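This report concerns only the one structure given below.
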Amino acid sequence: MRASNKLKISLAVTAAVSLITVTGCSANQPAGSSAGGGTDKLEITSWWTSGSEAEALNVLIEGVKASKPGLSVDNAAVSGGGGANARQALAARLQAGSPPDSWQLHPAGQLKSYVDGGQVADLTELWTQNDWASKLPRDVAEAQQVDGKYYTVPIGVHRGNVLWTNPAVLSKANAKIDPAGGVDGLISTLKQVQASGTTPVCLGDKDIFASAQLLESIIMSRTGADNWKKLFTNEYSFDAPEVKQALEDYKTILSLSNKDHSAITWDEAVKKMANGSCAVSLMGDWAYGELLNAKKKPGTDFAWVTFPGKEDIFDYVGDGFSIPAKNIPHPEAANAWLKTLMDPKVQTEFAAKKGSIPAVTNADISTLSEYQQEAAKSFAKASVVSSLAHGQVTTAEFAQTYADAVSTFNGSGNVAAFIASMTQAQKTQL
Amino acid sequence: MTTSTALPPAPVPPVSARPRFKKQVPHNVKTSRRAAWIFAPSLLVSFVFVYVFIGITVYISLSNWKIGTSPDLTLRQPFGGTYGEIIQEQRFQADIRNVVIFTVIFLVLAILGGLIAALFIHHVTVGKGLFRTVFLLPYALSFIVTGVAWRWIFAPSTGVNEILRSIGIQNPPGWTTDTTILGALNDPSGTDFLKVQLGVPVALLPIIFAAAWQLVGFAMAMYLAGLASIPEEYMEAASVDGANTWQRLRLIVLPQLWPSTITCFVLLLHVALKIFDLVVAMSGSGPGFVTDVPGIYIYNYLTSRYDKASAMAIILLLLTLAVIVPYLIRGYRKERKA
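Written out as structure tokens, the structure is:
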């Protein structure tokens with residue numbers, strides 16, 4: 001009796017497993033087939049899922065719907081991992097030959113890996129037809145190209161090298177940060193703050209990108225924009241005296257930072273700064289929205305200054321969209337989508353929600369916040385360079401090598417070891 | 431799925447010949463063929479999803495496939511170059527050191543803690559159920575949830591350090607931010623092959639403690655089951671012969687619990703080698719990779735170097751096999767003897 005009961009149970013389990021497998025497969029089926037049918041559809045993927053990001057994405061979706069009435073938009077956003085999860089999901093779809101109509105990506109280095117894989121469509125014709133290059137700063141237009149051809153359109157611009165400051169703490173120490181004073185000026189100001197009894201710098205590098213971004217800001221301040229770019233074409237070495245000096249500066253600034261920096265995150269660090277625990281914190285301008293959410297008043301609770309350097313550099317962290325080279329399900333809708341993205345009005349509305357600034361220079365910025373207006377003005381005239389900490393200026397592999405080298409340096413403070421691993425990466429990875 | 435009706439009925443021996451409590455259907459050609467059919471789907475699924483995928487991962491680790499967007503499946507020259515590349519990395523060396531230290535200390539803490547808790551609960555007369563629940567509850571939680579709470583507890587500027595400061599300790603420990611290596615065996619210059627200090631990273635200790643806290647309940651449950659299966663007669667006989675509590679524990683209880691210890695060891699070893707979520711929640715990689723583990727390495731390189739991520743996954747598998755295989759071989763030998 002028992003034996004036949006056991007048999008029944010095992011058969012039932014087998015049946016259940018087979019059913020799950022079958023339904024699992026069939027659940028995937030309609031998604032694939034629906035992408036193939038109908039012309040009034042558009043499917044886009046991104047990693048914008050948090051509150052303000054999702055709202056900003058919605059501006060774009062409403063925009064394309066307005067330009068193509070009756071269009072139904074499928075928002076296939078994937079959250080987590082700073083976009084890593086979304087890129088994984090996209091890679092799987094690209095390999096399976098069923099891409100979405102358009103996907104989010106960073107320009108320059110990240111774009112290049114898709115171009116090398118033959119996965120993104122050449123948009124040069126669309127660019128020349130609409131004369132988009134003339135509406136963008138030259139460096140930004142260049143970042144959308146690989147080997148002279150356009151493969152993506154820029155929707156928004158973030159700045160990486162912003163030094164957020166606490167005016168009360170600075171004035172208590174009778175200190176002032178001069179953006180033209182260079183890194184040396186900054187360090188002497190920070191020492192002045194230390195003498196007044198307050199920790200000068202708030203850093204939160206539990207996620208290493210925060211440190212990587214601080215070091216990157218120091219390096220580009222020391223080398224200048226042109227040499228920064230040459231680091232990634234192997235025309236300028238990480239072995240240069242300016243880079244070595246930058247590492248020494250970074251070591252000094254680390255010693256002037258909160259001791260628990262590796263235990264806290266970047267957002268905790270900027271809030272600590274606004275609460276008066278320290279004078280400054282370096283972070284990209286997504287910190288602005290974080291500070292507003294924490295009920296901090298711009299101008300009184302916190303202020304900002306470009307990271308001091310010998311010239312005005314804009315560390316560009318950009319977002320854009322591309323379309324697939326092969327198997328695009330709805331080419332016409334995708335075309336309308338790209339045109340919508342470059343609409344100055346849409347870019348302004350998008351920026352208002354996202355906290356970034358418009359990429360096109362003919363967008364109206366008068367409705368944006370004071371910080372955004374300042375950043376937009378600087379964007380139009382500063383030297384624009386791409387960020388390494390965010391994997392934009394070159395390949396993901398090189399960016400990961402850099403992040404690892406920064407982690408190692410944070411533990412050992414060994415300048416020679418850092419330079420050795422970066423010059424090695426320049427030789428083998430570029 | 432009504433294949434059960436198509437199967438031939440199980441052979442039924444004459445009623446009079448059937449023993450009252452039959453444990454097994456007698457083995458014959460028909461039943462074993464049927465068993466093969468029943469197991470075929472799960473065998474197929476585990477073959478594809480375990481062994482084929484391990485094979486694919488081994489291949490990728492030997493190939494030139496760098497980024498997910500453009501697979502390059504040609505074999506890397508020289509053969510196995512990716513392994514040669516990663517073993518020279520400071521990060522890789524730190525990861526191996528960390529995972530070994532983590533595993534050893536964690537296993538000792540969790541197994542000893544579980545044993546003590548089980549002995550306590552087994553002998554306590556009041557509130558047995560309450561204590562059992564209290565110890566087992568952490569095991570029911572996710573590492574991310576407990577990891578966030580432990581991160582707050584060990585945050586250097588707040589958390590437990592607030593208490594330490596209030597009782598007059600001026601320089602409380604930095605916990606997960608401490609880069610000291612206890613009992614360091616070497617002092618690498620940066621140019622040698624060995625780029626990390628071998629020893630016990632202080633920053634890892636709070637994480638090991640948190641992991642052990644969470645899995646003590648699991649070890650306890652295993653030991654409670656083991657304790658319940660020790661025949662009462664053994665203890666009675668020992669008492670009659672005049673054995674004291676310590677002697678009974680050492681000579682009867684602990685040897686009888688040996689199978690539970692082995693099971694705990696093997697199951698907890700998995701947790702230790704594959705640890706990822708708790709470390710991510712509590713500290714991340716840490717300065718100089720003092721708290722980095724292979725799991726985080728694999729995750730980081732999945733978007734930039736498929737070959738390196740795969741090579742690390744295979745090394746992690748080999749680490750596991752190095753401990754599990756001897757255990758399995760021993761088990762088979764015993765079975766054959768019996």
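Just so you know, the protein sequences line up as chains F and L, in that order. The first sequence: position 223 = 223 (our numbering), numbered continuously. The second sequence: position 334 = 764 (our numbering), numbered continuously. Ideal Cβ positions, reconstructed from N, Cα and C, are used throughout, including at glycine. These numbers were taken from a predicted model, which means no experiment stands behind them.
Other residues of its chain near residue i: CB distance less than 8 Å, five sequence neighbours each side excluded
i	result
F/N227	Y236, A240 and E242
F/V22	Model confidence at F/V22 stands at a pLDDT of 39, short of 50, so the residue's coordinates are unreliable; what they give is reported in the following sentence. Around F/V22: no qualifying Cβ.
L/T504	S493 and N494
F/Q145	Y151
L/G613	G629 and V630
F/P30	Any answer about F/P30 is weak, because its pLDDT of 36 lies below 50 and its placement is not dependable; what the coordinates show is given next. If we look at F/P30 and ignore the five residues flanking it on each side, it has no Cβ neighbours.
F/D267	G204, A287 and E290
L/R763	none
Within 8 Å, strictly: CB atoms of residue i and residue j
i	j	result
L/M712	L/T606	yes
F/A77	F/S102	no
L/V626	L/Q518	no
F/L42	F/A359	no
F/N130	F/M342	yes
F/F232	F/V393	yes
L/D722	L/G716	yes
F/A274	F/K296	yes
L/Y653	L/V696	no
L/R562	L/I546	no
F/V120	F/P324	yes
F/D205	F/S262	yes
L/N730	F/Q88	no
F/G284	F/R159	yes
L/Y719	F/S257	Here residue 719 of chain L is Phe; the residue named in the question, Tyr, does not match the sequence. The answer is no: Cβ separation not under 8 Å.
Inter-residue CB distance, residue i and residue j (contact presumed, cutoff 8 Å)
i	j	result
F/F314	F/A382	4 Å
F/S221	F/P308	6 Å
F/G355	F/W304	Not quite, the Cβ-Cβ distance comes to about 13 Å (not below 8 Å), so this is no contact.
F/S281	F/L203	7 Å
L/T533	L/L699	7 Å
F/S211	F/N414	No, F/S211 and F/N414 are not in contact; Cβ-Cβ is about 15 Å, not under 8 Å.
Start and end residues, alpha helix (DSSP H) containing residue i
i	result
L/L549	Q520 to H553
F/L163	Per DSSP, F/L163 belongs to no alpha helix (DSSP H); it is in the beta strand (DSSP E), V162 to T165.
L/I754	Y736 to K767
F/K345	P344 to K354
L/D707	D707 to M712
F/K41	Segment K41 to T45 is the beta strand (DSSP E) holding F/K41; no alpha helix (DSSP H) there.
L/P724	P724 to Y731
F/P184	For the record, residue 184 of chain F in the displayed sequence is Asp; it is not Pro. Note, F/D184: alpha helix (DSSP H), G182 to A195.
L/K558	K558 to A570
Other residues of its chain near residue i: CB distance less than 7 Å, five sequence neighbours each side excluded
i	result
L/I490	Y736, D737 and S740
F/C25	The pLDDT assigned to F/C25 is 39, lower than 50, so where the model puts this residue is not dependable; a value taken from the coordinates is nonetheless given after this. Nothing listed; no residue qualifies.
L/A651	L566
F/G32	Residue placement at F/G32 is flagged as unreliable, the pLDDT there being 37, under the threshold of 50; the coordinate-derived value follows with that caveat. Cβ neighbours of F/G32 beyond the five flanking positions: S98.
F/G181	P308
F/E349	V59
F/K65	L71 and V73
F/Q245	R222
F/D301	A274
F/A54	W48
F/V384	P137, D139, V140, F314 and Y316
Terminal residues of the beta strand (DSSP E) in which residue i lies
i	result
F/V153	V153 to R159
F/W103	S102 to L105
F/N75	S72 to N75
Interface partners of residue i on chain C, CB under 8 Å
i	result
L/V720	Looking at the structure shown, chain C is missing, and the protein chains on hand are F and L.
Close beta carbons around residue i, own chain, < 6 Å, minus the five adjacent residues each side
i	result
F/T49	A77 and S79
F/A175	T189, Q192 and V193
F/I419	F238 and D239
F/Y250	L215 and I218
L/I660	Q686
F/I365	Q373 and A376
Report the start-end ranges of each beta strand (DSSP E) in the segment 250-332 of chain F that is 3 residues or longer and not cut off at the edges. Taken in chain order, the whole beta strand (DSSP E) runs of length 3 or more contained in the segment 250-332 of chain F are 278-283, 303-306 and 313-322.
Discussion item. Please give the ranges of any beta strand (DSSP E) in the segment 362-426 of chain F, keeping only runs that are unbroken, at least 3 residues long and fully inside the region.
Written reply: Within the segment 362-426 of chain F, the complete beta strand (DSSP E) runs of at least 3 residues fall at 383-386.
Query raised in the report: Curious, which full-length beta strand (DSSP E) runs of at least 3 residues does the segment 197-246 of chain F contain?
Result: Runs of the beta strand (DSSP E) inside the segment 197-246 of chain F: 199-201.
Q) Along the chain, which unbroken stretches of the beta strand (DSSP E) at least 3 residues long are found entirely within the segment 637-704 of chain L? A) Runs of the beta strand (DSSP E) inside the segment 637-704 of chain L: none found.
- Output the residue ranges of the alpha helix (DSSP H) runs that lie fully inside the segment 456-485 of chain L and measure 4 residues or longer, sorted by chain position. With a minimum length of 4 residues, the continuous alpha helix (DSSP H) runs that stay inside the segment 456-485 of chain L are 459-476.
Unbroken beta strand (DSSP E) runs of length 3 or more, entirely within the segment 89-151 of chain F: which are they? Within the segment 89-151 of chain F, the runs of beta strand (DSSP E) at least 3 residues long that lie entirely inside it are, in chain order, 102-105.
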